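When we follow the UniProt record's numbering, the leftmost residue of the sequence shown carries the number 1, and every step to the right adds one. Below: the structure, in structure tokens.
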Amino acid sequence: MALTRDIAELFGPIGGAALMYTVSTLALALVMGVPRLSNFNTRYLLFGGVLFVAYEILLALALGMANDRQQAMEMAVINYLWPALTVLFAVLTSGRKVNILVYPSVVLAFIGVVWCISGDSTLSIESIKSNIATNPITYSMAFSAAFIWALYCNITPSMSGGKNAIVVFFAMTAITLWVHYAFSNEREMAFNLSSVSTLLLAGIVMGAGYALWNQAIIGGNMVLIATFSYFTPVFSTLFSSFYLSVALTQSFWQGRCTGDFGIVNVRMGNEKET
């Protein structure tokens, strides 16, 4: 999350994202090999690919187009609704009986996010509306991305056929972003040793993280993996705060803790039945 914001500041939200996903694609191809499309389920390439590309672009642009680094951190927190949503979708589609705690816990996770984006003001509808009004497009993109990623995580185990199409999906994302950049009015990109080093680091980290996650959800228990992943928002927030030099407000941390507590309860409620 922090590296994505940094790349957007260095190269622009669209151009920076296009560069980063291009580097990720090349790095993944070097490690995992150039994929053959015939090896993958066509429905998964189409449906899963569209979901993956939509998620990545919405998230990258939400982080890059945020008004400042503080707001970018809020975008990251909104994105981390996906673990709770992934569990909720898995429960709803599986038809199996779960502990009643799962549903209020998902609501608690949402309350935590709302608290985070209330800004420095007291938690209220007006303060939330006022904060969102400063950049409604980015907030909409971040919320949409969380739902899309939860859906992607749920359809991947059944539709992938055990094949990790992450290289293809990253290539699709990079191409889409380059087309978007070509029709945008974004500034020309300037390169220097420092910016290129950051770009390489971001691209490699991004590619490695998604490749490992995709492999995990293909071969593992989706609900268990999603619930254990609640540690990710905590580590990401701490790292991003340090890397971006952002002093987070009291309301941000209160909301963060509330959201994490909700996600933990989703996990506990699910495990009590399984």
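Where is the CB? At the ideal position from N, CA and C, for every residue including glycine. Predicted model, so just to flag it, every value in this text is computed and none were measured.
(message) I'd like to know whether the C-beta atoms of residue 34 and residue 176 end up nearer to each other than 7 Å.
(response) Result no, Cβ atoms of residue 34 and residue 176 do not sit closer than 7 Å.
(request) Determine the DSSP secondary structure at residue 129, reduced to helix, strand or coil. (result) helix
(message) So for residue 35, helix, strand or coil by DSSP?
(response) coil
(request) Have a look at residue 107 and residue 88 and give me their C-alpha separation to the nearest angstrom. (result) 11 Å
(message) Once the 5 residues before and after residue 60 are set aside, which same chain residues still bring their CB inside 7 Å of it?
(response) 4, 17
(request) Express the C-alpha separation of residue 24 and residue 208 in angstroms, rounding to a whole number. (result) So the alpha carbons of these two residues sit roughly 8 Å apart.
(request) Identify, in the order they occur along the chain, each residue of the same chain with its Cβ nearer than 7 Å to the Cβ of residue 67, setting aside the five sequence neighbours on each side. (result) 134, 135
(message) At 4 residues or longer, what runs of the alpha helix (DSSP H) sit wholly inside the stretch 21-93?
(response) 49-64, 69-79
(request) Below 8 Å CB to CB, which residues in the same chain sit around residue 45 once its five sequence neighbours on both sides are set aside? (result) These residues qualify, in order along the chain: 37, 165, 168.
(request) Quick one: residues in its chain with C-beta nearer than 8 Å to the C-beta of residue 201, no 5 flanking neighbours on either side, listed in chain order? (result) 3
(message) Report the CB separation of residue 142 from residue 75 in whole angstroms; it is logged as a contact under 8 Å.
(response) Going by Cβ atoms, the distance from residue 142 to residue 75 rounds to 4 Å, so yes, they are a contact pair.
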